[in-house]
Structures are given as structure tokens and as C-alpha cells.
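Have a look at the structure below, then the notes.
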Amino acid sequence: MIPAHNEVDSIQQTVLGVTDALGRAGIDYEVLVIDDSSTDGTKAAAEEIAHDDPRIRCLRSHYRNGFGFAVRAGLERFEGDAVAIVMGDGSDNPEDLVTYYRLLNEGYDCAFGSRFMRGSEVHDYPKLKLVLNRLANAVIRILFRHGYNDTTNAFKAYRREVIQHAQPLLSHHFNLTVELPLKAFVRGFSYAVVPISWRNRTSGKSKLGIREMGSRYLFIVLTLYLEHHLSRGDYRRPGYSETAKRARVGFQPGSRDAPRDREPVP
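Sequential numbering of the sequence shown, starting at 48, is according to the numbering used here.
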């Protein structure tokens with residue numbers, strides 16, 4: 048699923064990169080482009096390549112403008128057993144989707160990438176955003192006591208039941224990138240972390256406003272921190288067991304065994 052706001056210069060390349068990577072790997076897929084109130088022809092550009100490929104759909108978000116709203120619109124409409132969120136600016140490497148698919152088939156509920164672990168690649172990350180990113184992720188790691196160091200990145204994959212159990216989603220904007228993985232963690236879903244590649248956009252303009260997003264990220268982090276420590280497990284997934292807690296997380300290389308009682312993703 049690809050949310051996109053004014054990404055006319057990159058949306059076609061992004062979609063074609065995804066279809067090429069998944070097609071070569073023999074993975075059954077759909078690509079759902081969610082147009083987030085674009086004014087530059089993004090929707091028309093996506094529809095152009097969707098015209099001859101029924102596996103590509105382009106829909107306009109029925110919510111008002113906002114990254115979180117666009118993602119929520121896509122999560123309400125995807126048809127598969129799992130979903131990956133891919134940025135429309137071409138910054139994510141489509142080849143990493145194949146790795147995510149493999150992890151879900153190994154039994155994990157979520158597949159998370161990290162741009163900041165051994166084996167990852169990052170190109171042209173803006174220095175100020177990098178500093179703020181590292182600080183924010185350090186705070187999240189301390190508060191939630193997990194070893195994952197890239198919670199704020201949107202590029203992740205989830206089984207459908209994780210999305211269902213994360214409802215209702217609260218975030219309207221980029222803070223959804225934090226809400227989804229933290230809810231998966233707090234509510235007891237398993238996840239694996241792998242190194243991924245990231246490259247800064249080469250066209251268009253970033254939609255993330257650092258100043259305006261600070262309080263929104265804080266709101267989501269504090270909300271889920273309180274759930275984690277005060278709800279006494281009321282929102283955890285069905286069948287959660289403290290004795291299985293250590294098997295919920297895998298870091299690759301060197302990951303622990305994934306749970307094996309899950310149906311593979313078709």
C-alpha cells in the first residue's frame with residue numbers, strides 16, 4: 048500500500064519498482080495507491096500504469112488530507128492477508144518487501160526494517176532529521192524497553208490480524224508510523240527486524256513538518272506508554288502468553304526462532 052501526496056515525479060517509478068520486485072520473486076500481490084488529496088497529477092500518473100494491470104489500484108482517500116488518514120484509508124481497503132506500507136517518494140527499496148514476505152511466512156506477525164543496524168544502507172539522510180530521528184527512537188526504546196531502533200520509519204509489513212487488533216487508529220498524520228508498531232509491540236504480536244536500504248528522495252518535497260509533528264508523536268507515544276504500563280494487558284492479542292514473550296522478537300542476523308503455528312501468507 049502506497050500513500051502519496053503530490054508525488055507525481057516519483058509515483059510511477061515507485062509502483063513499477065514494487066511490481067518488478069514482487070513479480071520476480073513469484074509473490075502474489077496487489078498494489079494499492081492511496082492518493083492523499085494531491086493537486087499535481089499524482090492520481091492520474093498512478094492510474095496511467097494501473098490501466099493495464101488489474102493488480103494495481105489507485106483510490107483517493109475519503110478522509111481529509113493527512114498521511115495517517117491516507118494510510119488508514121488504505122488499511123480499510125486492502126484485500127490480502129498482509130500489508131506493507133511503502134512511501135510514495137521512492138525512498139524505500141522494493142527488494143526489502145521480499146524479505147518482509149519471507150519473515151511473515153516464517154510465522155512472525157510483523158516485519159520491521161531498520162536503517163540503523165549492521166547490514167543496512169542509508170543514503171543522503173538530512174543531518175537535522177537524522178539527529179532528531181536518533182533521539183526520538185532512543186526515547187522510545189527506553190520507554191518501551193525493546194531493542195528496535197527504527198520505530199519511526201513507516202516501511203513495515205503487518206499481518207491483517209495485527210491491523211484489526213490495532214483499531215481504532217488515532218493518528219491523523221505521520222505519527223501513525225509510530226502508532227502501528229508500538230501497538231503491535233504493546234499488544235503482544237511477534238515481530239522480526241532486518242536491515243533495509245533507504246535513499247533520500249530525488250524529486251518532490253518532504254511532507255514531514257518537524258515542528259508541527261513533535262507534539263503529535265509525543266501524544267501517541269505517551270498514550271501507548273500508559274496502555275503498556277497501566278492497562279494490565281486488557282488490549283493484548285488473544286492467546287498472549289508471558290511464557291512465550293522471549294520468542295516474539297527476532298533480529299536478523301542472529302534472530303530467535305519465530306513462532307511456527309501461523310498460516311503462511313499466500
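Don't be surprised by glycine CBs; every beta carbon is placed ideally from N, CA and C. All values reported here derive from a predicted model rather than from experimental measurement.
Beta bridge counterpart(s) of residue i as assigned by DSSP
| i | result |
| --- | --- |
| E168 | S244 |
| R107 | D82 |
| F298 | V240 |
| K203 | F159 |
| D139 | W245 |
| P50 | I81 |
| V130 | Y205 |
Beta-carbon separation (whole angstroms), residue i vs residue j, contact threshold 8 Å
| i | j | result |
| --- | --- | --- |
| I81 | P101 | Wrong, their Cβ atoms sit about 17 Å apart, outside the cutoff. |
| P242 | G166 | 4 Å |
| V240 | Y195 | 6 Å |
| G160 | K230 | With a Cβ gap of about 18 Å, G160 and K230 do not count as contacting. |
| A183 | Y264 | 7 Å |
| E274 | Y287 | Rounded, the Cβ-Cβ distance is 14 Å, inconsistent with contact. |
| D67 | P141 | 7 Å |
| R111 | L79 | Actually they do not touch by this definition, with Cβ atoms about 19 Å apart. |
| Y238 | V130 | Rounded, the Cβ-Cβ distance is 14 Å, inconsistent with contact. |
CB of residue i within 9 Å of CB of residue j, strictly
| i | j | result |
| --- | --- | --- |
| S138 | N247 | yes |
| G115 | S218 | yes |
| I132 | A201 | yes |
| M48 | V118 | yes |
| I74 | V145 | yes |
| V169 | T198 | no |
| L151 | Q299 | no |
| G113 | H220 | yes |
| S85 | V55 | yes |
Residue i CB to nearest heavy atom of the ligand HEM below 8 Å
| i | result |
| --- | --- |
| Y110 | The ligand HEM is not part of the structure shown, which contains no ligands of any sort. |
Which listed residue (the options) has its alpha carbon closest to that of residue i
| i | options | result |
| --- | --- | --- |
| P285 | H212, I74 and F202 | H212 |
| D128 | R192, D156, H276 and L69 | D156 |
| W245 | D171, L265 and S237 | D171 |
| N317 | Q60, T66 and D83 | Any question about residue 317 goes unanswered here, given that the chain covers just 48 to 313. |
| E126 | A201, F232 and R207 | R207 |
| S57 | Q299, S262, K252 and L277 | K252 |
| R234 | R279, T198 and Q59 | R279 |
| A92 | R71, V62, S108 and L151 | V62 |
| I210 | R71, R124 and G64 | R124 |
| R107 | H98, A97, K90 and L69 | K90 |
| H276 | F191, G261 and Y76 | F191 |
| Y76 | D143, V55 and Y148 | Y148 |
| H98 | G64, Q59, V55 and P173 | Q59 |
| G121 | F232, I187, L216 and G261 | L216 |
| D143 | I187, R71, E94 and G154 | R71 |
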